[in-house]
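Notes for the one structure printed next.
2 protein chains.
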Amino acid sequence: MKQKSAEILCIGTELLMGNTVNTNAAYLGRELAHLGVNVYRQEVVGDNPQRLRESLEQAFSRCDIVITTGGLGPTYDDLSKETIAAYFGRSLVLDPPSLARIEEHFRLLNREMTENNRKQAMMPQGCTIFPNPNGTAPGCAIEQDGKLAFMLPGPPREMKPMFEHYVAPYLMEQSDTKLVSRMIHLFGIGESALEHKLHDVMVASTNPTLAPYAKSGEVMLRVTARVTQGEDGESLLAPMLETVRQAAGEFIYGIDIGSLQNAAVQKLLEKGLTVATAESCTGGYVSKRLTEVSGSSQVLGYGVCTYANQAKEQLLGVSHSTLETFGAVSSQTAKEMADGVRRLSGADIGISTTGIAGPLGGTEEKPVGLVYVGVSSKYYNHVLELHINPRGDDAREYIRYIASSHALHQLWKAANMA
Amino acid sequence: MKQKSAEILCIGTELLMGNTVNTNAAYLGRELAHLGVNVYRQEVVGDNPQRLRESLEQAFSRCDIVITTGGLGPTYDDLSKETIAAYFGRSLVLDPPSLARIEEHFRLLNREMTENNRKQAMMPQGCTIFPNPNGTAPGCAIEQDGKLAFMLPGPPREMKPMFEHYVAPYLMEQSDTKLVSRMIHLFGIGESALEHKLHDVMVASTNPTLAPYAKSGEVMLRVTARVTQGEDGESLLAPMLETVRQAAGEFIYGIDIGSLQNAAVQKLLEKGLTVATAESCTGGYVSKRLTEVSGSSQVLGYGVCTYANQAKEQLLGVSHSTLETFGAVSSQTAKEMADGVRRLSGADIGISTTGIAGPLGGTEEKPVGLVYVGVSSKYYNHVLELHINPRGDDAREYIRYIASSHALHQLWKAANMA
Numbered sequence: 003m004k005q006k007s008a009e010i011l012c013i014g015t016e017l018l019m020g021n022t023v024n025t026n027a028a029y030l031g032r033e034l035a036h037l038g039v040n041v042y043r044q045e046v047v048g049d050n051p052q053r054l055r056e057s058l059e060q061a062f063s064r065c066d067i068v069i070t071t072g073g074l075g076p077t078y079d080d081l082s083k084e085t086i087a088a089y090f091g092r093s094l095v096l097d098p099p100s101l102a103r104i105e106e107h108f109r110l111l112n113r114e115m116t117e118n119n120r121k122q123a124m125m126p127q128g129c130t131i132f133p134n135p136n137g138t139a140p141g142c143a144i145e146q147d148g149k150l151a152f153m154l155p156g157p158p159r160e161m162k163p164m165f166e167h168y169v170a171p172y173l174m175e176q177s178d179t180k181l182v183s184r185m186i187h188l189f190g191i192g193e194s195a196l197e198h199k200l201h202d203v204m205v206a207s208t209n210p211t212l213a214p215y216a217k218s219g220e221v222m223l224r225v226t227a228r229v230t231q232g233e234d235g236e237s238l239l240a241p242m243l244e245t246v247r248q249a250a251g252e253f254i255y256g257i258d259i260g261s262l263q264n265a266a267v268q269k270l271l272e273k274g275l276t277v278a279t280a281e282s283c284t285g286g287y288v289s290k291r292l293t294e295v296s297g298s299s300q301v302l303g304y305g306v307c308t309y310a311n312q313a314k315e316q317l318l319g320v321s322h323s324t325l326e327t328f329g330a331v332s333s334q335t336a337k338e339m340a341d342g343v344r345r346l347s348g349a350d351i352g353i354s355t356t357g358i359a360g361p362l363g364g365t366e367e368k369p370v371g372l373v374y375v376g377v378s379s380k381y382y383n384h385v386l387e388l389h390i391n392p393r394g395d396d397a398r399e400y401i402r403y404i405a406s407s408h409a410l411h412q413l414w415k416a417a418n419m420a
Numbered sequence: 003m004k005q006k007s008a009e010i011l012c013i014g015t016e017l018l019m020g021n022t023v024n025t026n027a028a029y030l031g032r033e034l035a036h037l038g039v040n041v042y043r044q045e046v047v048g049d050n051p052q053r054l055r056e057s058l059e060q061a062f063s064r065c066d067i068v069i070t071t072g073g074l075g076p077t078y079d080d081l082s083k084e085t086i087a088a089y090f091g092r093s094l095v096l097d098p099p100s101l102a103r104i105e106e107h108f109r110l111l112n113r114e115m116t117e118n119n120r121k122q123a124m125m126p127q128g129c130t131i132f133p134n135p136n137g138t139a140p141g142c143a144i145e146q147d148g149k150l151a152f153m154l155p156g157p158p159r160e161m162k163p164m165f166e167h168y169v170a171p172y173l174m175e176q177s178d179t180k181l182v183s184r185m186i187h188l189f190g191i192g193e194s195a196l197e198h199k200l201h202d203v204m205v206a207s208t209n210p211t212l213a214p215y216a217k218s219g220e221v222m223l224r225v226t227a228r229v230t231q232g233e234d235g236e237s238l239l240a241p242m243l244e245t246v247r248q249a250a251g252e253f254i255y256g257i258d259i260g261s262l263q264n265a266a267v268q269k270l271l272e273k274g275l276t277v278a279t280a281e282s283c284t285g286g287y288v289s290k291r292l293t294e295v296s297g298s299s300q301v302l303g304y305g306v307c308t309y310a311n312q313a314k315e316q317l318l319g320v321s322h323s324t325l326e327t328f329g330a331v332s333s334q335t336a337k338e339m340a341d342g343v344r345r346l347s348g349a350d351i352g353i354s355t356t357g358i359a360g361p362l363g364g365t366e367e368k369p370v371g372l373v374y375v376g377v378s379s380k381y382y383n384h385v386l387e388l389h390i391n392p393r394g395d396d397a398r399e400y401i402r403y404i405a406s407s408h409a410l411h412q413l414w415k416a417a418n419m420a
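Protein sequences appear in the order of chains A and B. For what it's worth, the working numbering labels the leading residue of the first sequence as 3, then goes sequentially. For what it's worth, the working numbering labels the leading residue of the second sequence as 3, then goes sequentially.
Take a look at the structure:
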């Protein structure tokens, strides 16, 4: 069977106006990729039948499958079904089971069903109907002349389960390939340097493919293989994973791990270790990111945010003479903060940050962006000196984020060595 | 001048594959609406020159302005500039100032600049270049035959400031009116309740207009007046601001203040007060948000993140019997944490959080989403009980964010009362 291709067409003026972020398109893109369906375009149009019709015609001139979201609701400007049915030359007919479900929905909510809700049970003639247990508007599929349209509701909590329970099985039945992929997470190398190392591999790669993704201070590499039924995806992926490991293994902190904080918490759990944080310039960013991870309460009992020198002395036992001689932003202070919080808490690993996040407070000797990250543990003691380029409008946020990433990476490293 | 219309064209395979949610399109939609530019379509294509070219041609057949994001990076698949320049019949030429900025960027990072980065300084002939202080790829505008294309970088932290500092003024200059606006920040009222109070005003408003914006747990109202040269915007805005104050004044915490943390820090500075935080379920989120604000070191000396009960007792002096009798997630513990951190630090105001952020750890009696926020000060002592609806894919993040917002709002309130 030839490779299917699809376009995603999201309908809603609230998306165009930016009142709603289009998470549906991202979800559908991800899910369709996994099903082996190529998506070459996403489009957003408002609740306007003429522009929707144009977009639909253009989309079907380029691909086999169009998935729409939105415009199935009860109000006068919800016109997706009418427009798409008309494109296929079909009329809308009442679907009694859908009407019964909508009536039931209102009965359960103890609310009166207004007349315009009947509109939601009017479905294109001959379509396959998808019930919507999470809302009132059913979805549907229309297949005709090699063209396949899916109409899904707009709210993500209605759309996603409908895709999972009806659309994915519908497509799976038609396909003989699927995609398997791995996301490799790296830290400490830039996107262009990584590409430099792997450029030839990226360009030459076809199955699996290798593609870089950058996010603030981190890089990821996605390895994706297309496999037919019965073929072993893992064995297709393995040689590429090995190539990446050989080229940049020292920078890899995890595969499919999601984030530095996930990697750090997972490594601590795995090794049965605990951590305590002592933050100055990051002001709680490290503990905030660690505690994003469910289960982090098992590894993080204590964190302190010691912005003031007095707090550094009183809570962490940083010596007055260290602060006097070297200053709060110094390698020595970072070390004593990490040691201090480890001692105070009894944790296995102490992590500290002290630096100048700006925009004020920099000097020639200690400029904005200078940050020290301290690690204290039985196996690994280190102070990292960072010079973070204070760039952009929100340099303060950037410096603090990058500093917290380095702290999490140092924590992961310390746990990994234990 | 006739009303301009624009399309947004986002370029990036990571958007099509759903690895990145397209927040850029929402941002641009919102900002363009604010500038009075109509947006009828958003489109996403991958890093594919042919499909980009097709989309560009179609877009310009429908509208005057196309704004692209993405594809300006250093790698071989970043082809936006080449493709768009070719559409306008222009070649790329080296822009020495852009190259100098990119070289400086790598020098500051102490990283070697690889050859492919030079590509980012190659710009379409005769374009207007927008420097990018937040990254390496500059943006630009090309204007020709009544068509106007803007090319902006993909990462939101580079794209947004470029839009604000270059694109918006560029568009405004072509217009003979300008917009003046005020953002009213409210907390403690939902968008629909606020809309209910002000529905008639919103619908009837033309100049100034009144429009609601919701963000996680907060609502903002934007009052916008369109003024011609020489007209006084302030006097147009004043009556509308007064109308809003009368309808919902009790929920307003600031105008053009940016965020709860800005409002809180500003109020503390104004009153010469200090604060200390004691966080359990928010794990540093409150101190992280407070220390986002430059100058916060003058008001926040101490923060502790006491995830473990032992830490609550040892650092904050929460009594063992309180923890035994009422549990860590209780009004009593929240009160003792706030009192404790205030005593420990000597700060004027102590703020605490304790709750169940989930997804695990909830019980029937104390479900996920139950959070207590404590405030301790000379003038205002209070424990707030919150029942945060654990909704969405990332309920944990949502609960922690909303809890930290309430803590910041309570802090603002305490400072305001002092």
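The beta carbon of each residue, even a glycine, is placed where N, CA and C say it ideally should be.
Cβ-Cβ separation, residue j to residue i (assumed contact under 8 Å), whole Å
i: Gly48 (chain A); j: Gly14 (chain A); result: 7 Å
i: Val330 (chain B); j: Thr355 (chain B); result: Before going on, a small fix: residue 330 (chain B) reads as Ala here, not Val. Not a contact, Cβ separation roughly 11 Å.
i: Gly75 (chain B); j: Ala139 (chain B); result: 6 Å
i: Ser282 (chain A); j: Lys6 (chain A); result: In fact, because the Cβ distance is near 55 Å, the residues do not count as touching under 8 Å.
i: Ala170 (chain A); j: Glu33 (chain A); result: 7 Å
Endpoints, alpha helix (DSSP H) assigned at residue i
i: Ser82 (chain A); result: Ser82 to Tyr89
i: Thr116 (chain A); result: Per DSSP, Thr116 (chain A) belongs to no alpha helix (DSSP H) and is neither H nor E.
i: Tyr287 (chain B); result: Tyr287 to Leu292
i: Lys273 (chain A); result: Leu262 to Lys273
i: Ile404 (chain A); result: Ala397 to Met419
i: Ser321 (chain B); result: No alpha helix (DSSP H) holds Ser321 (chain B); DSSP gives it neither H nor E.
i: His107 (chain B); result: Pro98 to Leu111
i: Phe62 (chain B); result: Pro51 to Arg64
C-beta contact flag for residue i and residue j at 7 Å
i: Ile67 (chain B); j: Ala8 (chain B); result: yes
i: Pro126 (chain B); j: Ile144 (chain B); result: yes
i: Ile358 (chain A); j: Gly364 (chain A); result: yes
i: Ala280 (chain A); j: Met339 (chain A); result: yes
i: Gln316 (chain A); j: Leu292 (chain A); result: no
i: Val46 (chain B); j: Gln300 (chain A); result: no
i: Gly31 (chain B); j: Met19 (chain A); result: yes
i: Val385 (chain A); j: Ala349 (chain A); result: no
i: Ala265 (chain B); j: Ile257 (chain B); result: no
i: Met153 (chain A); j: Gly141 (chain A); result: yes
i: His167 (chain B); j: Tyr255 (chain B); result: no
i: Tyr403 (chain B); j: Ser289 (chain B); result: no
i: Trp414 (chain B); j: Lys269 (chain B); result: yes
i: Gly305 (chain A); j: Gly286 (chain B); result: yes
i: Gly319 (chain A); j: Gly342 (chain A); result: yes
i: Val225 (chain A); j: Pro210 (chain A); result: yes
For residue i, the first and last residue of its enclosing beta strand (DSSP E)
i: His187 (chain B); result: Thr179 to Phe189
i: Arg224 (chain B); result: Glu220 to Thr230
i: Ala310 (chain B); result: No beta strand (DSSP E) contains Ala310 (chain B), which DSSP labels as neither H nor E.
i: Ser354 (chain B); result: Ile351 to Gly357
i: Leu154 (chain A); result: Lys149 to Leu154
Within-7 Å CB hit, residue i to chain C
i: Gly260 (chain B); result: The displayed structure is made up of protein chains A and B, and chain C is not among them.
(message) Three or more C-beta pairs under 8 Å: does that hold for the stretch 23-34 of chain B against the stretch 155-168 of chain B?
(response) yes
(request) Say whether the stretch 96-116 of chain A touches the stretch 54-64 of chain A, bearing in mind that this needs 3 or more beta-carbon pairs closer than 8 Å, one atom from each stretch. (result) no
(request) Report the residues of the stretch 156-172 of chain B with a CB closer than 7 Å to any CB of chain A, ordered along the chain. (result) Arg159 and Pro163
(message) Any contact between the stretch 227-238 of chain A and the stretch 187-203 of chain A? By contact I mean 3 or more CB pairs, one from each, below 8 Å.
(response) no
(request) Please list the residues of the stretch 184-212 of chain A that have a C-beta atom closer than 8 Å to any C-beta atom in chain B, keeping them in chain order. (result) Gly192, Glu193, Ser194, Ala195, Glu197, His198, His201, Met204 and Val205
(request) Using a Cβ-Cβ cut-off of less than 9 Å, list which residues of the stretch 113-147 of chain A approach chain B; keep chain order. (result) none
(request) Compile a chain-ordered list of the residues in the stretch 17-32 of chain B whose CB is closer than 8 Å to at least one CB of chain A. (result) Leu17, Leu18, Met19, Gly20, Asn21, Thr22, Val23, Asn24, Thr25, Ala27, Ala28, Tyr29, Leu30, Gly31 and Arg32
(request) Below 9 Å between beta carbons is the criterion; list the residues of the stretch 358-369 of chain B that meet it against any residue of chain A, in chain order. (result) Ala359, Gly360, Pro361, Leu362 and Gly363
(request) Report the residues of the stretch 294-305 of chain A with a CB closer than 8 Å to any CB of chain B, ordered along the chain. (result) Glu294, Ser296, Gly297, Ser298, Ser299, Leu302, Gly303, Tyr304 and Gly305
(message) Under 8 Å, CB to CB, which of the residues in the stretch 38-56 of chain A have a partner in chain B?
(response) Val41, Tyr42, Arg43, Gln44, Glu45, Val46, Val47, Gly48, Asn50 and Arg53
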